[in-house]
Amino acid sequence: MKASDTAVHRRSALRAGAGAALAAALTAGCADQDTAGTEARPLTHAAPRKPATTAAGAHAPAPAPHRFPGQPVQIDHGPRDRARVALTFHGQGDPAIARTVLAEAERARVQVTVLAVGSWLDEHPGMARRILDGGHDLGNHTQRHIDISTMGEAQAYAEITACAQRLRRLTGSIGTWFRPSRTRFATPLVQRLAVRAGYPHVLSYDVDSLDFTSPGAAAVTRKVAGEIRNGSVVSMHFGYADTVAALPLLLTELDRRQLRAVTTTELLT
208 MKASDTAVHR
218 RSALRAGAGA
228 ALAAALTAGC
238 ADQDTAGTEA
248 RPLTHAAPRK
258 PATTAAGAHA
268 PAPAPHRFPG
278 QPVQIDHGPR
288 DRARVALTFH
298 GQGDPAIART
308 VLAEAERARV
318 QVTVLAVGSW
328 LDEHPGMARR
338 ILDGGHDLGN
348 HTQRHIDIST
358 MGEAQAYAEI
368 TACAQRLRRL
378 TGSIGTWFRP
388 SRTRFATPLV
398 QRLAVRAGYP
408 HVLSYDVDSL
418 DFTSPGAAAV
428 TRKVAGEIRN
438 GSVVSMHFGY
448 ADTVAALPLL
458 LTELDRRQLR
468 AVTTTELLT
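If you're matching positions, the sequence shown starts at 208 in this note's numbering and goes up one per residue.
And the structure:
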């Protein structure tokens with residue numbers, strides 16, 4: 208067996224073991240994103256990427272939104288000719304579970320994309336820097352996470368810009384992406400409002416893990432594994448124990464298929 212194959216098997220075994228441990232640790236985890244769950248046990252993981260700092264030692268502004276020429280305003284997947292995928296997380300729920308998800312990704316040297324809810328950042332402002340310090344993308348998932356498709360223009364714009372303002376206050380940037388709340392695809396109105404607010408693109412997805420239905424870790428893994436392919440953008444959520452337990456299994460499956468999990472920015476670059 209090649210040395211590289213041995214390393215992959217070793218990583219797979221570690222992830223499978225971590226998945227079993229996490230499932231046991233979080234059996235009583237959140238059934239609802241707005242309900243606090245049991246504190247997750249700490250993980251030993253790779254040190255996160257060091258944040259950019261200014262000459263004075265303060266954090267430099269986080270990355271701003273990026274325009275990708277040739278891409279539509281609404282993006283639901285990346286190039287199909289490269290073996291890369293993006294795991295994206297709706298940023299809301301128990302911060303202990305969120306930290307566990309980030310730690311598990313970093314253990315595997317994987318960066319993800321987090322679309323944070325503004326009210327969640329109001330309650331847990333340290334999560335913004337925690338996400339960025341791990342080398343992950345951080346974006347906007349509206350201020351209150353209510354159905355933006357049913358709103359009038361003024362209210363919908365206020366939902367986008369209120370979250371953008373919180374991101375700017377915490378990180379120096381409005382975030383790299385915008386994703387609408389309570390819907391997979393943004394309406395034409397919401398797309399126009401997102402562009403007006405400073406986001407050249409709206410981030411959708413082509414694979415829905417359905418982890419928010421709490422179907423169990425195995426079901427989450429099967430759902431994603433059955434649909435993921437080159438360029439896929441996967442929708443997942445903080446705040447659910449099934450997501451934490453499924454992540455090591457999913458990362459093992461990506462390794463098996465030689466798919467590299469990257470931030471959405473890297474997926475499209």
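Quick reminder that beta carbons are idealized off the backbone N, C-alpha and C, glycines included.
Beta-carbon proximity list for residue i, same chain, < 7 Å, skipping 5 on both sides
| i | result |
| --- | --- |
| residue 269 | 339, 345, 378, 379, 380 |
| residue 302 | 331, 334 |
| residue 204 | A question about residue 204 goes unanswered here, because the residues of the chain that appear run from 208 up to 476. |
| residue 375 | 381 |
Residue i versus residue j - alpha carbon distance
| i | j | result |
| --- | --- | --- |
| residue 390 | residue 457 | 24 Å |
| residue 352 | residue 434 | 26 Å |
| residue 313 | residue 393 | 30 Å |
| residue 385 | residue 409 | 5 Å |
| residue 426 | residue 452 | 11 Å |
| residue 222 | residue 362 | Because the pLDDT of residue 222 is 47, which lies under 50, any placement of that residue in the model is unreliable, and the question is left without a value. |
| residue 429 | residue 423 | 10 Å |
| residue 282 | residue 475 | 10 Å |
| residue 357 | residue 396 | 11 Å |
| residue 308 | residue 450 | 8 Å |
| residue 326 | residue 266 | 23 Å |
Cutoff 8 Å; reference residue i; Cβ partners in own chain excluding five residues on either side
| i | result |
| --- | --- |
| residue 467 | 290, 291, 292, 461 |
| residue 411 | 281, 282, 283, 386, 391, 392, 393, 440 |
| residue 287 | 436, 437, 438 |
| residue 354 | 388, 389, 390 |
| residue 278 | 408, 475 |
Test: residue i CB closer than 9 Å to a CB of chain B
| i | result |
| --- | --- |
| residue 327 | The structure shown contains no chain B, having only a single protein chain. |
Of the residues the options, the one placed nearest residue i, counting alpha carbons only
| i | options | result |
| --- | --- | --- |
| residue 464 | 371, 373, 436 | 436 |
| residue 407 | 275, 426, 266 | 275 |
| residue 298 | 278, 382, 469 | 382 |
| residue 342 | 324, 355, 319 | 319 |
| residue 443 | 305, 272, 279 | 305 |
| residue 418 | 277, 405, 454, 348 | 454 |
| residue 401 | 370, 450, 288, 475 | 370 |
| residue 420 | 368, 367, 448 | 448 |
| residue 350 | 287, 368, 277 | 368 |
| residue 271 | 278, 355, 347 | 347 |
Residue i classed as buried or exposed, judged by whether at least 16 other C-beta atoms fall within 10 angstroms
| i | result |
| --- | --- |
| residue 446 | buried |
| residue 373 | buried |
| residue 459 | buried |
| residue 337 | buried |
| residue 366 | buried |
Sequence-distant residues of the same chain with beta carbon closer than 6 Å to residue i, five excluded per side
| i | result |
| --- | --- |
| residue 360 | none |
| residue 317 | 468 |
| residue 215 | Any reading at residue 215 needs caution, since the residue's pLDDT is 44, under 50, leaving its predicted position unreliable; the model's value is listed next. Only 462 meet the Cβ criterion. |
CB-CB length for residue i against residue j, believed under 8 Å
| i | j | result |
| --- | --- | --- |
| residue 481 | residue 284 | Beyond the ends of the chain as shown, which are 208 and 476, falls residue 481; an answer cannot be given. |
| residue 328 | residue 295 | Wrong, their Cβ atoms sit about 17 Å apart, outside the cutoff. |
| residue 398 | residue 280 | 5 Å |
| residue 472 | residue 273 | 6 Å |
| residue 315 | residue 364 | The Cβ separation is near 38 Å, so there is no contact. |
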